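See below for the structure under consideration.
There are 2 protein chains.
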Amino acid sequence: MTTHHATPEGTPQVTEILAQWVVSMKGRDIAPEVRREGLRTFVNWMGCAVGGASHETVDRALAAIDPFSGPRIATVIGRTEHLDAAHAALINGISSHVLDYDDTHLKTIIHPAGPVASALLALAEMRPMSGEDFLTALIIGIEVECRIGNSVYPNHYDRGWHITGTAGVFGAAAAVGKAIGLSRLQMQWAFGLAATQASNLREMFGTMTKSFHPGRAAQNGMMSALLAEAGFDSSLRAIEAPRGFACVLSDKQDYSEILDGLGSRWESALNSYKPFACGIVIHPAIDGCQQIRAEIGARVNDIASVALTTHPLVLELTGKRTPQTGLEGKFSVFHAAAAALLRGDGAPTAFTDELVTAPEIIALRDTISATSDPSCHEASVTIDITFRDGTTLRKHVERAIGSHDVPLTDAQIDAKFRTQSVLVIGQVATDALLAMCWKTPTLADVADVARASVLPS
Amino acid sequence: MTTHHATPEGTPQVTEILAQWVVSMKGRDIAPEVRREGLRTFVNWMGCAVGGASHETVDRALAAIDPFSGPRIATVIGRTEHLDAAHAALINGISSHVLDYDDTHLKTIIHPAGPVASALLALAEMRPMSGEDFLTALIIGIEVECRIGNSVYPNHYDRGWHITGTAGVFGAAAAVGKAIGLSRLQMQWAFGLAATQASNLREMFGTMTKSFHPGRAAQNGMMSALLAEAGFDSSLRAIEAPRGFACVLSDKQDYSEILDGLGSRWESALNSYKPFACGIVIHPAIDGCQQIRAEIGARVNDIASVALTTHPLVLELTGKRTPQTGLEGKFSVFHAAAAALLRGDGAPTAFTDELVTAPEIIALRDTISATSDPSCHEASVTIDITFRDGTTLRKHVERAIGSHDVPLTDAQIDAKFRTQSVLVIGQVATDALLAMCWKTPTLADVADVARASVLPS
Chain A
18 MTTHHATPEG
28 TPQVTEILAQ
38 WVVSMKGRDI
48 APEVRREGLR
58 TFVNWMGCAV
68 GGASHETVDR
78 ALAAIDPFSG
88 PRIATVIGRT
98 EHLDAAHAAL
108 INGISSHVLD
118 YDDTHLKTII
128 HPAGPVASAL
138 LALAEMRPMS
148 GEDFLTALII
158 GIEVECRIGN
168 SVYPNHYDRG
178 WHITGTAGVF
188 GAAAAVGKAI
198 GLSRLQMQWA
208 FGLAATQASN
218 LREMFGTMTK
228 SFHPGRAAQN
238 GMMSALLAEA
248 GFDSSLRAIE
258 APRGFACVLS
268 DKQDYSEILD
278 GLGSRWESAL
288 NSYKPFACGI
298 VIHPAIDGCQ
308 QIRAEIGARV
318 NDIASVALTT
328 HPLVLELTGK
338 RTPQTGLEGK
348 FSVFHAAAAA
358 LLRGDGAPTA
368 FTDELVTAPE
378 IIALRDTISA
388 TSDPSCHEAS
398 VTIDITFRDG
408 TTLRKHVERA
418 IGSHDVPLTD
428 AQIDAKFRTQ
438 SVLVIGQVAT
448 DALLAMCWKT
458 PTLADVADVA
468 RASVLPS
Chain B
18 MTTHHATPEG
28 TPQVTEILAQ
38 WVVSMKGRDI
48 APEVRREGLR
58 TFVNWMGCAV
68 GGASHETVDR
78 ALAAIDPFSG
88 PRIATVIGRT
98 EHLDAAHAAL
108 INGISSHVLD
118 YDDTHLKTII
128 HPAGPVASAL
138 LALAEMRPMS
148 GEDFLTALII
158 GIEVECRIGN
168 SVYPNHYDRG
178 WHITGTAGVF
188 GAAAAVGKAI
198 GLSRLQMQWA
208 FGLAATQASN
218 LREMFGTMTK
228 SFHPGRAAQN
238 GMMSALLAEA
248 GFDSSLRAIE
258 APRGFACVLS
268 DKQDYSEILD
278 GLGSRWESAL
288 NSYKPFACGI
298 VIHPAIDGCQ
308 QIRAEIGARV
318 NDIASVALTT
328 HPLVLELTGK
338 RTPQTGLEGK
348 FSVFHAAAAA
358 LLRGDGAPTA
368 FTDELVTAPE
378 IIALRDTISA
388 TSDPSCHEAS
398 VTIDITFRDG
408 TTLRKHVERA
418 IGSHDVPLTD
428 AQIDAKFRTQ
438 SVLVIGQVAT
448 DALLAMCWKT
458 PTLADVADVA
468 RASVLPS
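Order-wise, the sequence lines are chains A and B. Our numbering numbers the first residue of the first sequence as 18 and each following residue consecutively. Our numbering numbers the first residue of the second sequence as 18 and each following residue consecutively.
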């Protein structure tokens with residue numbers, strides 16, 4: 018552990034040190050593999066934002082906020098509307114999270130891109146910036162967000178805070194603050210304004226308000242940086258003060274998680290991308306069932322029964338035997354396995370009301386059993402198939418796709434992007450948008466990506 | 018204690034019951050004296066909002082948010098600018114709190130009107146309502162705010178939450194939800210959206226961000242109600258759920274404070290109005306010194322020394338001997354007493370940089386001593402004056418003006434209003450505005466008050 022400036026009481030000057038790091042970090046000093054992961058994060062986020070854009074949660078939020086929009090210079094991703102940049106940050110943050118399909122920092126369960134990318138891309142439509150500068154600010158914002166999350170996790174999350182919102186508002190403030198060139202003092206103020214707006218409760222899970230969280234964190238983080246830029250002052254010790262963020266919202270305050278290895282060890286590079294549109298615990302079962310389908314083809318129609326051997330959390334969290342809706346389907350390993358076997362699907366299309374109630378899915382689903390095995394790794398599963406002719410097949414997945422050990426390849430991120438985006442903006446616009454996303458590092462104006470994300474008129 | 022519907026675990030359905038009360042309460046069932054106090058609250062708030070409107074805190078916030086304003090249909094009180102209603106709620110909430118001169122619910126130290134009146138009056142400029150309906154919604158919003166505050170105070174405040182913001186967002190949501198006619202279900206959603214935005218840290222005290230709190234609570238509460246109106250759903254048990262507001266943000270949850278005597282016992286009628294623009298502990302000293310000045314006239318120039326005998330909190334909180342700035346002057350009982358004796362002033366004009374450094378004030382200030390007496394009531398003081406000719410004068414204040422036992426009269430609220438408002442919008446506009454404020458119950462369109470509050474162009 019490195020040493021840092023500390024107060025007389027021994028608490029380091031966390032806010033000041035972090036602010037200084039944000040304003041002084043150079044994009045060229047971020048290692049290529051870290052920048053590459055930042056780009057993958059952005060591509061994955063954009064696919065999710067387009068994919069969620071037609072959800073009724075977004076419709077309703079838009080209806081409420083539309084009469085308050087300022088100059089409509091920013092794109093509502095995946096739609097035809099435009100809004101001021103702050104409201105666009107809100108709506109795009111909602112869209113990117115509403116399908117529960119976005120990125121995950123596995124150590125904290127933060128979904129990092131929602132608050133940060135939503136704020137930064139909307140800002141880029143009012144304050145133009147290059148793709149390079151955008152990626153630098155995005156990576157720095159996510160780094161701040163995940164490190165602040167690490168410093169209070171798990172106690173903070175266990176108390177009931179939705180950490181994507183509470184840490185996210187700092188990440189959005191850092192990214193926007195970096196992009197607009199705040200001084201260290203202004204960045205401290207921005208952290209103060211972010212800290213005092215850090216909220217969002219886990220009680221809201223299962224309602225539209227869950228998706229509101231990354232959106233509002235994006236909007237509030239952006240405005241924190243812009244207020245600071247205008248000279249609106251705030252505490253200089255908002256993270257570590259006795260009545261600051263970490264002490265008030267958590268029983269754990271490990272500031273070494275924020276300060277150690279800044280600029281050399283990158284939490285942002287640990288980001289992961291869900292291959293399937295549901296809780297991570299049933300990903301091994303979906304992965305294994307998709308592999309089986311790829312191997313046996315039409316014989317999926319001859320399956321008599323399926324026996325899953327899984328980590329105990331699978332049945333604890335997703336043991337719903339007879340889901341009735343798409344949302345309930347996300348909490349049924351039986352439905353998820355059936356959809357993967359019969360349709361090869363783990364995307365949002367696997368969790369629609371229609372598919373959950375389709376007779377052939379239900380018929381297969383009801384032949385599936387699951388056994389908890391405490392010795393089974395969270396990223397593993399064993400699947401035993403018995404066919405109608407009595408023959409059997411065993412598939413063991415040692416580490417599922419999307420886990421820490423088997424990250425999505427770029428091609429898999431592409432496939433995930435396409436599956437979502439085509440349904441919302443069509444094939445042609447999807448192809449163009451995806452190609453442009455990967456070219457972000459070379460773009461003179463990153464807002465071109467936002468403008469390419471809309472429904473063709 | 019009355020009984021209420023309860024969950025199997027014994028926790029009453031606080032959110033549902035409170036929402037039902039908000040939507041079903043009729044203005045005509047609010048007793049005249051409660052309505053009268055609501056009117057006094059509104060008049061006092063408007064004077065503070067005009068008085069604070071020229072503060073640089075407001076200038077800086079306006080500079081940052083102006084580029085994001087939607088249709089400029091709402092008044093920025095005390096100024097020439099206009100904003101969309103949500104941003105007007107934010108700015109007016111800042112203005113009304115920035116001089117630390119607004120109203121106080123003494124049981125919780127909530128400043129009730131800031132979040133609620135700021136939201137409701139701005140809303141009235143986009144959705145017209147009568148003065149009667151405005152007062153009904155204002156009183157109901159403040160009632161919700163103070164009851165929710167009571168349910169978690171003091172533990173919640175002691176942990177570090179600025180309760181004016183955390184409880185205020187519920188009050189603003191309730192007032193706006195009442196005014197726009199939400200259903201019970203929508204009102205529950207609005208409370209969910211408010212709960213998940215309840216934030217604001219005491220760490221921000223002493224910075225501009227403190228005033229941001231009631232403003233943001235007003236804006237967020239308003240948007241919570243408008244999102245709910247558009248069908249944006251949320252938790253139905255946001256206040257009492259295990260991961261809801263009261264459990265996550267407080268160690269104390271006394272739901273009887275929220276539910277008991279709803280509609281018969283009124284917290285809103287306990288609101289109080291500061292006579293002086295500083296912390297309440299030095300009000301007795303200012304009151305006594307003003308009385309002495311009124312009695313002895315020019316002999317204030319013959320004072321040799323002053324000895325105060327005060328409650329111990331006075332020196333603990335306001336014992337600054339040599340304040341250098343107006344803000345520091347608020348934490349100096351010596352300055353405050355000198356300004357009251359020499360100028361008769363306890364308004365914001367008593368706490369300017371100029372007055373704090375004026376030679377004649379400093380000369381008298383340095384003759385003042387203070388002694389803590391644990392037997393002295395918080396609202397009392399004894400002042401012993403010694404004149405240069407050796408004669409003495411004793412003044413004992415049993416209960417200071419503005420305390421629970423000696424509320425400000427309407428005439429004193431008027432004087433407080435005028436002192437602040439004249440400096441910002443001048444005498445003529447002040448006279449017209451003050452007269453209109455008192456006529457609120459008879460106004461067909463309460464937004465006329467907002468429109469009368471501006472700088473004449």
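In this text, a Cβ means the ideal position worked out from N, Cα and C, and glycines have one as well. Remember, predicted model here, so these are calculated numbers, not experimental data.
Exercise for the section: Determine, using beta carbons only, whether residue 232 of chain A and residue 110 of chain A come nearer to each other than 8 Å. Expected result: Here the question's residue 232 of chain A lines up with position 215 in the first sequence. Here the question's residue 110 of chain A lines up with position 93 in the first sequence. Contact: yes.
Exercise for the section: Quick one: give me the first and last residue of the alpha helix (DSSP H) that residue 382 of chain B is part of. Expected result: As a working note, residue 382 of chain B is residue 365 in the second sequence. 376 to 382 is the span of the alpha helix (DSSP H), which, as asked, contains residue 382 of chain B.
Handout entry: Burial state of residue 152 of chain B (16 or more Cβ within 10 Å)
Key = In the second sequence, the residue the question calls residue 152 of chain B occupies position 135. With 16 or more other CB atoms across the displayed protein chains lying within 10 angstroms of its CB, residue 152 of chain B is buried.
Handout entry: Bridge partner(s) assigned by DSSP for residue 290 of chain A
Key = On the first sequence, position 273 is the one that residue 290 of chain A refers to. Paired residue(s): A:120.
Problem - Enclosing alpha helix (DSSP H) for residue 266 of chain A [first to last residue] - result: As a position in the first sequence, residue 266 of chain A is number 249, starting the count at 1. Counting along the chain, the unbroken alpha helix (DSSP H) around residue 266 of chain A starts and ends at 262 to 266.
Exercise for the section: Mark residue 155 of chain A as exposed unless 16 or more other C-beta atoms lie within 10 angstroms of its C-beta, in which case mark it buried. Expected result: Sequence index remark: in the first sequence, residue 155 of chain A carries index 138 (1-based). Around the beta carbon of residue 155 of chain A, 16 or more other beta carbons sit within 10 angstroms, so the residue counts as buried.
Handout entry: Members of the stretch 20 to 54 of chain A that neighbour chain B once the beta carbon cut-off is set at 9 Å
Key = For chain B, none of the residues of the stretch 20 to 54 of chain A brings a beta carbon within less than 9 Å of one of its beta carbons.
Problem - Under 9 Å by beta carbon: chain A residues contacting residue 210 of chain B - result: Looking up residue 210 of chain B in the second sequence gives position 193. Per Cβ cutoff of 9 Å: 221, 226 and 229.
Handout entry: Classification of residue 203 of chain B by the beta-carbon crowding that lies within 10 angstroms, buried from 16 upward
Key = Counted from its first residue, the second sequence places residue 203 of chain B at position 186. By the neighbour-count rule (16 or more Cβ atoms within 10 Å), residue 203 of chain B is buried.
Exercise for the section: Could you confirm whether any beta carbon from chain B is found closer than 8 Å to the beta carbon of residue 77 of chain A? Expected result: Against the first sequence, residue 77 of chain A aligns to sequence position 60. Yes, residue 77 of chain A counts as interfacial toward chain B.
Problem - For residue 320 of chain B, three-class secondary structure by DSSP - result: To locate residue 320 of chain B, count along the second sequence from 1; it is residue 303. The three-state reading of DSSP puts residue 320 of chain B in strand, counting E and B together.
Handout entry: Spatially closest choice to residue 33 of chain A from A:253, A:434 and A:435, by CA coordinates
Key = Stepping through the first sequence from its first residue, residue 33 of chain A is reached at position 16. Selected option, being the one with the closest Cα: A:253.
Exercise for the section: Tell me, please, whether the stretch 84 to 95 of chain B touches the stretch 76 to 87 of chain A by the rule of three or more beta-carbon pairs shorter than 8 Å. Expected result: Yes, they touch.
Problem - Chain-order list of residues whose beta-carbon lies under 6 Å from that of residue 285 of chain B (same chain, five-residue window excluded) - result: Counting from 1 along the second sequence, the entry for residue 285 of chain B is found at position 268. Hits under 6 Å: 156, 159 and 160.
Practice task
Report the residue from A:466, A:472, A:436 and A:474 whose alpha carbon sits nearest the alpha carbon of residue 118 of chain A.
Solution key: Sequence index remark: in the first sequence, residue 118 of chain A carries index 101 (1-based). Comparing Cα-Cα distances from residue 118 of chain A to each of A:466, A:472, A:436 and A:474, the minimum goes to A:436.
Handout entry: Close Cβ partners of residue 48 of chain B (< 6 Å) along its chain, the five nearest in sequence each way excluded
Key = Here residue 48 of chain B refers to the residue found at position 31 of the second sequence. Within the same chain, residue 48 of chain B has no close Cβ partners at all.
Handout entry: Chain-order list of residues whose beta-carbon lies under 7 Å from that of residue 20 of chain A (same chain, five-residue window excluded)
Key = Taking the first residue of the first sequence as position 1, residue 20 of chain A is located at position 3. A caution first: residue 20 of chain A carries a pLDDT of 42, below 50, which makes its placement in the model too unreliable to give a value.
Practice task
Determine the contact status of residue 95 of chain B and residue 470 of chain B, defining contact as a CB-CB distance below 8 Å.
Solution key: Taking the second sequence and counting its residues from 1, the one referred to as residue 95 of chain B is at position 78. Taking the second sequence and counting its residues from 1, the one referred to as residue 470 of chain B is at position 453. Taking 8 Å as the cut-off, the beta carbon of residue 95 of chain B is found closer than this to the beta carbon of residue 470 of chain B.
Handout entry: Residues of its chain near residue 449 of chain A, where Cβ-Cβ distance is below 8 Å and the 5 sequence neighbours each way are ignored
Key = Locating residue 449 of chain A in the first sequence gives position 432, where the first residue counts as 1. Excluding the 5 residues flanking it on each side, residue 449 of chain A has same chain C-beta neighbours closer than 8 Å at 469, in chain order.
Problem - Rounded distance between the beta-carbons of residue 441 of chain A and residue 68 of chain A, thought under 8 Å - result: Numbered from its first residue, the first sequence carries residue 68 of chain A at position 51. Numbered from its first residue, the first sequence carries residue 441 of chain A at position 424. With 8 Å as the limit, residue 68 of chain A and residue 441 of chain A qualify as a contact, their Cβ atoms being about 6 Å apart.
Practice task
Taking C-beta pairs closer than 7 Å, name the residues in chain A that residue 234 of chain B reaches, listed in chain order.
Solution key: Numbered from its first residue, the second sequence carries residue 234 of chain B at position 217. Neighbours of residue 234 of chain B on chain A: none; closest Cβ ~11 Å, over 7 Å.
Practice task
Identify the continuous beta strand (DSSP E) that holds residue 389 of chain B and give its terminal residues.
Solution key: The residue you call residue 389 of chain B lines up with position 372 of the second sequence. Secondary structure note for residue 389 of chain B: its beta strand (DSSP E) is the uninterrupted segment 385 to 389.
Problem - DSSP three-state assignment for residue 420 of chain A, whether helix, strand or coil - result: Working through the first sequence from its first residue, we reach residue 420 of chain A at position 403. Three-state DSSP puts residue 420 of chain A in coil, outside helix and strand.
Practice task
May I have the straight-line CA-CA distance separating residue 121 of chain A from residue 234 of chain B, to the nearest angstrom?
Solution key: Position 104 of the first sequence, counting from 1, holds the residue named residue 121 of chain A. Position 217 of the second sequence, counting from 1, holds the residue named residue 234 of chain B. Their Cα atoms are separated by approximately 30 Å.
Handout entry: Spatial distance of residue 79 of chain A from residue 295 of chain A (CA atoms)
Key = Position 62 of the first sequence, counted from the start, is the residue given in the question as residue 79 of chain A. Position 278 of the first sequence, counted from the start, is the residue given in the question as residue 295 of chain A. Approximately 25 Å, taken between the alpha carbons.
Practice task
Using three-state DSSP, classify residue 436 of chain A as helix, strand or coil.
Solution key: Taking the first residue of the first sequence as 1, we reach residue 436 of chain A at position 419. Reduced to three states, the DSSP call for residue 436 of chain A is helix.
Exercise for the section: Taking residue 264 of chain A as the query, report the chain B residues whose CB atoms sit under 8 Å from its CB, ordered along the chain. Expected result: Taking the first sequence and counting its residues from 1, one reaches residue 264 of chain A at position 247. Per Cβ cutoff of 8 Å: 177.
Handout entry: DSSP state of residue 1 of chain B mapped onto helix, strand, coil
Key = Lying outside 18 to 474, the shown extent of chain B, residue 1 of chain B is not represented and no answer is given.
Handout entry: Member of A:292, A:409 and A:297 whose CA lies at the smallest distance from the CA of residue 313 of chain A
Key = Here residue 313 of chain A refers to the residue found at position 296 of the first sequence. Closest option to residue 313 of chain A, Cα to Cα, is A:409.
Problem - Straight-line gap, residue 240 of chain A to residue 404 of chain A (C-alpha atoms, nearest Å) - result: Working through the first sequence from its first residue, we reach residue 240 of chain A at position 223. Working through the first sequence from its first residue, we reach residue 404 of chain A at position 387. Rounded to the nearest angstrom, the two C-alpha atoms are 59 Å apart.
Problem - Check whether residue 185 of chain B and residue 131 of chain B have beta carbons under 8 Å apart - result: In the second sequence, residue 185 of chain B corresponds to position 168, counting from 1. In the second sequence, residue 131 of chain B corresponds to position 114, counting from 1. One thing to note: residue 185 of chain B has its Cβ within 8 Å of the Cβ of residue 131 of chain B.
Exercise for the section: Work out the CA separation of residue 274 of chain A and residue 170 of chain B for me, nearest whole Å. Expected result: In the second sequence, residue 170 of chain B corresponds to position 153, counting from 1. In the first sequence, residue 274 of chain A corresponds to position 257, counting from 1. Cα to Cα, residue 170 of chain B sits roughly 33 Å from residue 274 of chain A.
Exercise for the section: Would you list the residues sitting across from residue 401 of chain B in a DSSP beta bridge? Expected result: Translated into the one-based positions of the second sequence, residue 401 of chain B becomes position 384. For residue 401 of chain B, which the question treats as bridged, DSSP gives the partners B:324 and B:411.
Exercise for the section: Tell me, please, whether the CB atom of residue 250 of chain A is closer than 8 Å to any CB atom in chain B? Expected result: The residue you call residue 250 of chain A lines up with position 233 of the first sequence. For residue 250 of chain A, the answer is yes, since a Cβ of chain B falls inside 8 Å of its Cβ.
Exercise for the section: Give the C-beta separation of residue 136 of chain A and residue 183 of chain A to the nearest angstrom, bearing in mind that I take them to be a contact with Cβ-Cβ under 8 Å. Expected result: Locating residue 136 of chain A in the first sequence gives position 119, where the first residue counts as 1. Locating residue 183 of chain A in the first sequence gives position 166, where the first residue counts as 1. The distance from the Cβ of residue 136 of chain A to that of residue 183 of chain A is about 15 Å, inconsistent with a contact at the 8 Å cut-off.
Handout entry: According to DSSP, residues forming a beta bridge with residue 336 of chain A
Key = Here residue 336 of chain A refers to the residue found at position 319 when the first sequence is read from its first residue. Looking at the DSSP assignment, residue 336 of chain A forms a beta bridge with A:349.
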